[in-house]
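Notes to accompany the following structure.
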Amino acid sequence: EYTRTLYGIATKRPNGSPKVFRLQVRDKVATEQVPPLFEPVTFRANIGVDAAELELRHSNRTRFTKSSAEMPSVEEILESDILDGYTFRLNELPEAAQKCASDWSFFIVTIGDVLSVGSKTDRGTIPVTIGDDSLPDETRTVWVPEHLEHLIDFGVGSRIVVTGRARETSFNEQVVYSINADGIYAIPYLKTDPGSIFESLGEE
């Protein structure tokens with residue numbers, strides 16, 4: 002049995018307020034009904050827990066359909082308190098990595114400026130190097146899995162929102178913090194053309 006855990010922001014019909022949700026889906030829903038990222042969708046699910054966060058359960062009628070319903074934009078969500086406890090600056094990745102290590106369902110949201118986009122590794126992941134003003138002299142790597150490669154539609158200098166899991170590893174006896182991405186979204190008005198990726202590589 003194949004399972005997939007989805008997370009995001011959802012509202013209950015008809016007048017629910019936006020909340021963080023987690024939804025575990027199984028079998029064909031998990032493999033064939035992958036929802037689009039950072040876009041509004043409608044879906045049915047069974048409510049397990051209705052508290053500060055929604056714990057949702059798989060339904061045989063769970064289908065994800067793009068929706069024209071009015072929902073907060075990505076930028077509005079980031080400016081609100083909906084994701085309090087999930088948003089981390091890059092200098093806070095040690096804390097985020099601990100939370101992810103102790104809770105398999107925990108996810109993080111971070112914002113960074115793209116400094117470089119690397120070549121695909123033998124494992125199929127693409128390294129995207131980002132920075133923010135919390136670590137003026139350091140950078141962090143976002144590992145983008147192959148099935149999300151199509152989301153890299155931006156260039157160097159773009160500002161991106163990354164969702165995923167922080168991790169702690171060791172390299173040359175140094176502790177390294179990075180992010181395994183589950184989703185990437187380039188903020189439209191801070192997005193550069195993908196061609197700038199190749200321009201920056203050429204200058205090096």
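Numbering-wise, the working numbering puts 3 at position 2 of the sequence shown, and it's gapless, one number per residue. Ideal Cβ positions, reconstructed from N, Cα and C, are used throughout, including at glycine.
When you compare only the Cα positions, how much space is there between residue i and residue j?
{"i": "ALA187", "j": "THR4", "result": "28 angstroms"}
{"i": "ASP207", "j": "ARG45", "result": "With the chain represented from 2 up to 205, any question about residue 207 goes unanswered, as that position is not in the structure."}
{"i": "TYR8", "j": "ALA167", "result": "16 angstroms"}
{"i": "ALA70", "j": "GLU40", "result": "11 angstroms"}
{"i": "VAL42", "j": "PHE65", "result": "6 angstroms"}
{"i": "GLY184", "j": "HIS151", "result": "11 angstroms"}
{"i": "VAL118", "j": "GLU80", "result": "27 angstroms"}
{"i": "GLU159", "j": "TYR87", "result": "Reading the sequence as shown, one finds Ser at residue 159 and not Glu. If I take the Cα positions, the gap works out to 22 angstroms."}
{"i": "GLU174", "j": "GLU77", "result": "41 angstroms"}
{"i": "GLU56", "j": "PHE172", "result": "37 angstroms"}
Less than 8 angstroms between the beta carbons of residue i and residue j, yes or no?
{"i": "ILE83", "j": "PRO19", "result": "yes"}
{"i": "ALA97", "j": "VAL145", "result": "no"}
{"i": "GLU93", "j": "THR126", "result": "no"}
{"i": "GLN34", "j": "THR6", "result": "no"}
{"i": "ILE180", "j": "VAL115", "result": "no"}
{"i": "PHE22", "j": "GLU54", "result": "yes"}
For residue i, which residues of its own chain have a beta-carbon under 8 angstroms away from its beta-carbon, when the five flanking residues on both sides are left out?
{"i": "ARG58", "result": "LEU24, GLN25, ALA46, ASN47, ILE48 and GLY49"}
{"i": "THR122", "result": "PRO128"}
{"i": "GLY196", "result": "GLY156"}
{"i": "GLU139", "result": "LEU91 and GLY132"}
Grab me the residues of residue i's own chain with a C-beta within less than 7 angstroms of its C-beta, minus the 5 sequence neighbours each way, in chain order.
{"i": "ASP194", "result": "GLY156"}
{"i": "SER68", "result": "PRO41, VAL42 and THR43"}
{"i": "MET72", "result": "PRO41"}
What does a CB cutoff of less than 6 angstroms around residue i pick up in its chain, not counting 5 residues either side in sequence?
{"i": "LEU91", "result": "ASP133, SER135, LEU136 and ARG141"}
{"i": "THR170", "result": "VAL177"}
With which residues is residue i paired in a DSSP beta bridge?
{"i": "GLU169", "result": "TYR178"}
{"i": "TRP105", "result": "TRP105 pairs with nothing; no bridge assigned."}
{"i": "GLY156", "result": "Beta-bridge pairing links GLY156 to no other residue."}
{"i": "SER117", "result": "THR130"}
{"i": "VAL163", "result": "THR111 and ILE185"}
Residue range of the alpha helix (DSSP H) that residue i falls in?
{"i": "VAL75", "result": "75-80"}
Within the continuous beta strand (DSSP E) that includes residue i, where are the two ends?
{"i": "ARG58", "result": "55-58"}
{"i": "LYS20", "result": "20-27"}
{"i": "VAL145", "result": "141-145"}
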